[in-house]
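*Asks:* I am attaching a structure below and will ask some questions about it afterwards.
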Amino acid sequence: MWYVSTRGMAPRVDFEGALFSGYAPDGGLFMPEELPQLGIETLHQWSALSYPSLVKELCTLFIGPELIPKEVLNDLIDRAFSRFRHREVVHLSRLRNGLNVLELWHGATYAFKDLSLCCTAQFLQYFLEKKEKHITVVVGTSGDTGSAAIESVQGTKNIDIIVLLPKGHCTKIQELQMTTVLRENVHVFGVEGNSDELDEPIKAVFADVAFVKKHNLMSLNSINWARVLVQMAHHFFAYFRCAPSLDTCPLPPVEVVVPTGAAGNLAAGCIAQKMGLPIRLVAAVNHNDIIHRTVQQGDFSLSAAVEPTLASAMDIQVPYNMERIFWLLSGSDSQGTRTLMEQFERTQSMSLPKELHSKLSGAMTSESMSDEAITWTMSRCWEENQYLLCPHSAVAVGYHYQQMDRQQPSFPRCCLAPASAAKFPEAVLAAGLTPETPAEILALELKETRCTPMRKGDDWTLMLRDTIESLGWQQRGHFLNAPK
Numbered sequence: 001m002w003y004v005s006t007r008g009m010a011p012r013v014d015f016e017g018a019l020f021s022g023y024a025p026d027g028g029l030f031m032p033e034e035l036p037q038l039g040i041e042t043l044h045q046w047s048a049l050s051y052p053s054l055v056k057e058l059c060t061l062f063i064g065p066e067l068i069p070k071e072v073l074n075d076l077i078d079r080a081f082s083r084f085r086h087r088e089v090v091h092l093s094r095l096r097n098g099l100n101v102l103e104l105w106h107g108a109t110y111a112f113k114d115l116s117l118c119c120t121a122q123f124l125q126y127f128l129e130k131k132e133k134h135i136t137v138v139v140g141t142s143g144d145t146g147s148a149a150i151e152s153v154q155g156t157k158n159i160d161i162i163v164l165l166p167k168g169h170c171t172k173i174q175e176l177q178m179t180t181v182l183r184e185n186v187h188v189f190g191v192e193g194n195s196d197e198l199d200e201p202i203k204a205v206f207a208d209v210a211f212v213k214k215h216n217l218m219s220l221n222s223i224n225w226a227r228v229l230v231q232m233a234h235h236f237f238a239y240f241r242c243a244p245s246l247d248t249c250p251l252p253p254v255e256v257v258v259p260t261g262a263a264g265n266l267a268a269g270c271i272a273q274k275m276g277l278p279i280r281l282v283a284a285v286n287h288n289d290i291i292h293r294t295v296q297q298g299d300f301s302l303s304a305a306v307e308p309t310l311a312s313a314m315d316i317q318v319p320y321n322m323e324r325i326f327w328l329l330s331g332s333d334s335q336g337t338r339t340l341m342e343q344f345e346r347t348q349s350m351s352l353p354k355e356l357h358s359k360l361s362g363a364m365t366s367e368s369m370s371d372e373a374i375t376w377t378m379s380r381c382w383e384e385n386q387y388l389l390c391p392h393s394a395v396a397v398g399y400h401y402q403q404m405d406r407q408q409p410s411f412p413r414c415c416l417a418p419a420s421a422a423k424f425p426e427a428v429l430a431a432g433l434t435p436e437t438p439a440e441i442l443a444l445e446l447k448e449t450r451c452t453p454m455r456k457g458d459d460w461t462l463m464l465r466d467t468i469e470s471l472g473w474q475q476r477g478h479f480l481n482a483p484k
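Numbering (UniProt numbering), first residue to last: 1 to 484.
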């Protein structure tokens, strides 16, 4: 299995190359050169599988036994999911009036990113130990990515992690999940800016190819192919649990509602669709609605500013993974994708060509939810089911209620729930409800914290480079002092 850049100007790589790269050298994102097609027989076989077994099947298709032998791959995935609180790893809650909520948040940090990042960390470890290499991971986070990335690599001897979090733009719990990890290989910075602004120094550092190579830098943001790969399993699991029967031909469709910010879960759904999974996608966003505007009008352009919302992890202006979707739906047209994305990077605005927009609106529909709609949905779900939704999950469930109230005829529907309500007590209170906080989250308040400020007026790129340089010196020191 080979991977190519969406912009077509970089050499193709294998899974290991894509895993360690983040962005391709030409600024594009890696995608499989060819997608395996799954027939009805395979889908029938997979329909009885657990979530971890689906991840194993998908990873086997996209990694290849010459890189990671199948038995080893299965062990890595079992190890990745060993600390999840639910025995199924993910769980489908069937609630009143046809509401299906797929809980993706039973990992250590109570968010869906634990699923893909714990697997990605295991894959990294496998290759690093084999080659006796060290890497420094640099992550920008809007809330959940940072804590899940830290959790997945903390205490690891051949990985250092640097996380930039947007001070005051995450919830208190999200921030504490990052700043209370005092392991030697974890380095957290609190940036006086939003999640798009803190991406700028990261982009600047990664643009220096020689520096990246010298320090073995990589990113674990949602651009990393391994994360998208694992997230494909959400869609297969949702389909198999919600499809009424697999005995009809063609197979019945299921609508999967994806609350999204950077569009990683959405790209995973599009790939699953292209492989033959009969799902219909709904992109559900908050007030920061670039994806909604793109689906509805073909308008891929930035708003004047990111607007803070209750669904803070989705307060994103630049949904990087839309580039993967454009490439996929344009029939792997890398030249066309490069032209579009370079125009967007130059002008922060781009209109999709008519044919591409038509394919996009054929692959998915979309909806945007205000904060009022989010709290109303959280409140209604509690009244009807005594079930607490996080604000991001409420963006998806809000779409379900909207369709139900309009009495629209519909297919079975599954709403992805990316985080536990326990992480967002402020939003639960805003909905007039009582937060339910697990003891391990309450305990965060009492822990010591460590976080280096990046203030307005500081040179954030220089601070980041200096930190990376000093870690490089430490590594060289460890290497020199290691027993021969």
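C-beta atoms are modelled at their ideal positions from N, C-alpha and C, and glycine is treated no differently.
Remember, it's a predicted structure, so these values are computed and weren't measured experimentally.
Three or more C-beta pairs under 8 Å: does that hold for the region 215-229 against the region 15-29?
*Replies:* Counting Cβ pairs under 8 Å, three or more are found: they touch.
*Asks:* Pick out whichever of Ser50, Asp208, Leu102, Gln45 has its Cα sitting closest to the Cα of Ala396.
*Replies:* Comparing Cα positions, the closest option is Leu102.
*Asks:* Could you tell me whether the Cβ atoms of Gln343 and His134 are closer together than 8 Å?
*Replies:* In this structure, His134 does not lie closer than 8 Å to Gln343 by Cβ.
*Asks:* Can you name, in chain order, every residue of its own chain whose Cβ lies under 7 Å from the Cβ of Gln335, other than the five neighbours on each side?
*Replies:* Contacts found: Gly8.
*Asks:* Quick check on Lys484: buried or exposed, where buried means 16 or more other Cβ atoms within 10 Å of its Cβ?
*Replies:* In this predicted model, Lys484 has a pLDDT of only 49, less than 50, meaning its place in the structure is not dependable enough to derive any value.
*Asks:* Using alpha carbons as the reference points, say which of Gln297, Tyr387, Gly155, Ala427 lies closest to Ser349.
*Replies:* Considering only alpha carbons, the answer is Gln297.
*Asks:* Among Trp460, Thr467, Gly472, whose alpha-carbon lies nearest the alpha-carbon of Val191?
*Replies:* For Val191, the nearest C-alpha among the options comes from Trp460.
*Asks:* Is any heavy atom of the ligand SAH found at a distance shorter than 7 Å from the C-beta of Met350?
*Replies:* Of the ligands one can find in the structure shown there are none, so the ligand SAH has no counterpart to examine.
*Asks:* Pick out whichever of Leu388, Thr452, Glu445 has its Cα sitting closest to the Cα of Asp421.
*Replies:* The sequence shown places Ala at residue 421, rather than the Asp named in the question. Closest by alpha carbon: Leu388.
*Asks:* Which ranges would you report for the beta strand (DSSP E) in the region 231-261 if only whole runs of at least 3 residues count?
*Replies:* Entirely contained in the region 231-261, the beta strand (DSSP E) runs reaching 3 residues are, in chain order, 254-259.
*Asks:* Using a threshold of 8 Å, state whether the C-beta atoms of Leu329 and Lys359 are closer than that.
*Replies:* Against a cut-off of 8 Å, the Cβ pair of Lys359 and Leu329 comes out as a contact.
*Asks:* Buried or exposed for Asp289, going by 16 or more other Cβ atoms inside 10 Å?
*Replies:* So Asp289 counts as buried.
*Asks:* Ignoring anything shorter than 4 residues or poking outside the region 87-157, list the alpha helix (DSSP H) runs there in chain order.
*Replies:* Counting whole runs of 4 or more residues, the region 87-157 contains the alpha helix (DSSP H) stretches 113-131, 144-153.
*Asks:* Go to residue 499, then tell me how far its alpha helix (DSSP H) extends in each direction, as first and last residue.
*Replies:* Because the chain is modelled from 1 through 484, residue 499 falls outside the range shown and cannot be assessed.
*Asks:* How long is the line joining the alpha carbons of Arg96 and Tyr126, rounded to whole angstroms?
*Replies:* Between Arg96 and Tyr126, the C-alpha separation is close to 44 Å.
*Asks:* Hey, is the region 157-169 in contact with the region 44-58, meaning 3+ C-beta pairs nearer than 8 Å?
*Replies:* The region 157-169 is not in contact with the region 44-58.
*Asks:* With respect to the alpha helix (DSSP H) encompassing Phe326, which residues constitute its N-terminal and C-terminal limits?
*Replies:* Run containing Phe326: 322-329, per the alpha helix (DSSP H) assignment.
*Asks:* Between Ile68, Thr141, Pro308, His169, which has its C-alpha nearest Glu129's C-alpha?
*Replies:* Out of Ile68, Thr141, Pro308, His169, Ile68 has the C-alpha closest to the C-alpha of Glu129.
*Asks:* Given that a residue counts as buried once 16 or more other Cβ atoms are within 10 Å of its Cβ, and exposed if not, what is Pro319?
*Replies:* So Pro319 counts as buried.
*Asks:* Run through the DSSP bridge pairs and tell me what Glu192 is partnered with.
*Replies:* According to DSSP, which records beta bridges pairwise, Glu192 is partnered with nothing at all.
*Asks:* Can you check DSSP and say which residues form a bridge with Met31?
*Replies:* Val4, per the DSSP bridge assignment.
*Asks:* How far does the beta strand (DSSP E) with Ala283 in it extend, from its first residue to its last?
*Replies:* Element bounds for Ala283: 279-285.
*Asks:* What's the C-alpha gap between Gly472 and His215?
*Replies:* Spanning the two alpha carbons is a distance of roughly 6 Å.
*Asks:* Taking all protein chains shown into account, decide if Leu176 is buried (16 or more other Cβ within 10 angstroms of its Cβ) or exposed.
*Replies:* So Leu176 counts as buried.
*Asks:* Do Ile202 and residue 486 count as a contact pair if the criterion is CB distance below 8 Å?
*Replies:* A query on residue 486 cannot be resolved here, the shown segment of the chain reaching from 1 to 484 and no further.
*Asks:* Around the Cβ of Ser5, are there at least 16 other Cβ atoms within 10 angstroms (buried) or fewer (exposed)?
*Replies:* Ser5 should be labelled buried.
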